[in-house]
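A.B. asks: One structure coming up, written as structure tokens, with questions to follow.
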Amino acid sequence: MPAENIVLNRRVGQGTFGLVFGGEAKKIDLWEAVAVKVINEKATYEGKIDFLSEAKLMRSLNHPNVVRLIGISLNPKASLYLIMELMLLGDLKTYLLSRRILAQR
Numbered sequence: 001m002p003a004e005n006i007v008l009n010r011r012v013g014q015g016t017f018g019l020v021f022g023g024e025a026k027k028i029d030l031w032e033a034v035a036v037k038v039i040n041e042k043a044t045y046e047g048k049i050d051f052l053s054e055a056k057l058m059r060s061l062n063h064p065n066v067v068r069l070i071g072i073s074l075n076p077k078a079s080l081y082l083i084m085e086l087m088l089l090g091d092l093k094t095y096l097l098s099r100r101i102l103a104q105r
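When you line the sequence shown up against full-length UniProt numbering, it's residues 1 to 105, in that order.
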């Protein structure tokens, strides 16, 4: 996916390899809300390999309960982007923890 078709909006979290942003990706003539995992620019070679291995694994998964990989991109600053389906309620762990706190009140 070309880097010019990706817009990073706000930071929504931090993953093992770097930051996660909410953003938009242009596919054909439509913009879609996405999550973009950006690998840390200081990542080691092994970290980059692990990041790409995650992308390869995600590409092979196809299930309604698993986040969908939309694409991979290399931006002009040589950062790798993993473009994924946006989870409107956040990641499952955070969602469940927030529900547990509400249930205790």
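Built from N, CA and C at the ideal position, the CB exists for glycine as well.
With 7 angstroms set as the bound, which would you pick, yes or no: does the beta-carbon of Gly47 sit closer than that to a beta-carbon of chain B?
C.D. replies: No chain B appears in the structure shown, which is made up of a single protein chain.
A.B. asks: For the putative contact between Leu69 and Met84, defined by C-beta atoms under 8 angstroms, what is the C-beta separation to the nearest angstrom?
C.D. replies: As a first step, residue 69 is located in the sequence shown; it is residue number 69 there, counting from the start. As a first step, residue 84 is located in the sequence shown; it is residue number 84 there, counting from the start. Right, their Cβ atoms sit about 6 angstroms apart.
A.B. asks: Can you pull the DSSP bridge partners for Glu32?
C.D. replies: The residue given as residue 32 occupies position 32 in the sequence shown. Beta-bridge pairing links Glu32 to Ala25.
A.B. asks: Under the DSSP definition of a beta bridge, which residues are partnered with Val67?
C.D. replies: Taking the first residue of the sequence shown as position 1, residue 67 is located at position 67. The secondary-structure analysis by DSSP pairs Val67 with nothing; it has no beta-bridge partner.
A.B. asks: Any idea if Tyr45 is buried or exposed, counting beta-carbon neighbours within 10 angstroms, 16 or more meaning buried?
C.D. replies: One-based indexing of the sequence shown puts residue 45 at position 45. Tyr45 should be labelled exposed.
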